[in-house]
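To start, the structure itself, in structure tokens.
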Amino acid sequence: MSSMNGTKREVPPVGVMVVGPDARSQGGIAAVIANYRRTSFWRECNCEHFSTCADWAWKWARMLYSAWRGCVFVPTVVFKRPAVVSIHTADRSSFYRKLFYIVVVRLFSIPVVVHVHPASFVEFFVKGNRLTRFAITTVADISNRIVFLSDIAASQFRELFPHTRMAVIPNPVDVDRYGVEPRAPMKDHYRILFMGWIVREKGVYDIVDAMPDVLARFPQAEFLFAGNKETEQLKNMIDERQLSRHAKVLGWVEGREKYELLMSSRLLLLPSYSEGIPNVILEAMASGLPVVTTPVGGIPSVFVEGETGYFVSPGNPRELSARIVQMLSDDEDCEKISRSSRQRVKALYDLEVIGRQLEHLYREFQPQPSQMAYARPNGDQHVRHRRPF
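So in the numbering used here, spot 34 of the sequence shown is number 18, and the numbers just go up one at a time.
If you want it as structure tokens, here you go:
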């Protein structure tokens, strides 16, 4: 870490092994780890990524890859001996895969920090069978820290997890990647964007149900759906409703294409039934794109109604269509939201804001000289740092 006068402050490397999906994977956790890589935390704490799964191959190849990575993990830990392991998990199959990694790390007496990403994790616990609940409570007992994305998510586990081991660190967003180019003006601009998994839980089919009322008021409106999963089912629904002239299903987008969609749209819709802190909302805020979403999961912790967009109730297409019409009708309000969204995300969720929080957390596990000393034959103590990655 650099001091204020520009000189390098000598800090022994922590050595953080970050365990999560392959860098080429789609989805929120992979995107979060990609953003971590861009922070000073990754450099200052000497991080290395260990991939556990991938979604870029066919089903059996993915299963073989996951099994192979599990086998490779043990010798990797033995050889590299990280100071701390950071494990990122969702619920269901993701949690069961990561349970293996958590247990292995603790068997080697290495500190482990578990990052819980989905807001649905509490539902996973409450509705889980006895074995699932036992596994989750075991993770709570053996983990050194459990990190949630929001105070809302953390509060759901305060009676189950030890308070002193819980932490809240939201997802970061690279604000400087957005807003470099001027965005499209709001006036006479009616492109409406959905971006994320195309599944019922994201409210994507509620958008289709809301489209006729919006098109009755704004026949020039265009709905774009960027994501994967149930793309064919969505296309069929759009065709059956005879809405194909006003809608496009683009599939998964990333990089420059994703940036251009965020910068060229009038609204982002994310009427989800359950969420953690969606990366796409932070990206929309960074690009000055007004958002219509739902007050579920960790969204209320980052989203301010009237300042970054507006809430609607989950599963209510009529309310959704009314809000879309209202926002398409009010250019001035959308311009105001565009400015305030970017200011808020810059102050609270920019890469280095979150990077400093991560570094503060992981520095707690920095090996101390007293823990790394060994006696020389003449009785002197010699400091020996753990092997950096």
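From the three backbone atoms N, C-alpha and C, an ideal C-beta is built for every residue, glycine too.
Item to check | Simplified DSSP assignment, three categories, for residue 3 | outcome: strand
Item to check | Pairwise C-alpha distance: residue 93 and residue 184 | outcome: 42 Å
Checklist entry - Using 8 Å as the Cβ pair cut-off and three pairs as the minimum, do the stretch 246 to 266 and the stretch 153 to 173 touch? => result yes
Checklist entry - What is the residue span of the alpha helix (DSSP H) that residue 162 lies within? => result No alpha helix (DSSP H) contains residue 162, which DSSP labels as neither H nor E.
Item to check | Expected contact under 8 Å - CB spacing of residue 208 and residue 232 to nearest Å | outcome: 5 Å
Checklist entry - Would a C-beta distance cut-off of 8 Å place residue 67 and residue 349 closer than the cut-off? => result yes
Checklist entry - Apart from the five residues on each side of it in sequence, which residues of its chain come closer than 6 Å, Cβ to Cβ, to residue 334? => result 159
Item to check | Start-end ranges of the beta strand (DSSP E) lying completely within the stretch 66 to 109, minimum 3 residues | outcome: 68 to 73 and 96 to 100
Item to check | At least three beta-carbon pairs within less than 8 Å, the stretch 127 to 147 to the stretch 93 to 107 | outcome: yes
Item to check | Backbone CA spacing between residue 279 and residue 186 [nearest angstrom] | outcome: 13 Å
Item to check | Inter-residue CB distance, residue 202 and residue 188 (contact presumed, cutoff 8 Å) | outcome: About 20 Å separates the two Cβ atoms, so there is no contact after all.
Checklist entry - Quick one: what's got a C-beta closer than 8 Å to residue 323's C-beta in the same chain, skipping five residues either side? => result 272
Checklist entry - For residue 334, does the three-state DSSP call read helix, strand or coil? => result strand
Next on the checklist: Between 76, 98, 78 and 75, which has its C-alpha nearest residue 86's C-alpha?
Outcome noted: 98
Next on the checklist: Tell me which residue opens and which closes the beta strand (DSSP E) that residue 295 is part of.
Outcome noted: 293 to 295
Item to check | Simplified DSSP assignment, three categories, for residue 147 | outcome: helix
Next on the checklist: So, for residue 0: in the same chain, excluding its five sequence neighbours on each side, which residues have a beta-carbon less than 6 Å away from its beta-carbon?
Outcome noted: 29, 31, 68, 70 and 346
Checklist entry - How would you label residue 359, buried or exposed, when you count the other beta carbons within 10 angstroms and need 16 or more for buried? => result With a pLDDT of 34 at residue 359, under the threshold of 50, the modelled position of that residue is not reliable, and the figure given next carries that caveat. Label assigned to residue 359: exposed.
Next on the checklist: Taking the beta carbon of residue 20 as the centre, do at least 16 other beta carbons fall within 10 Å, making it buried, or is it exposed?
Outcome noted: buried
Checklist entry - Per DSSP, what kind of secondary structure is residue 184 in: helix, strand or coil? => result helix
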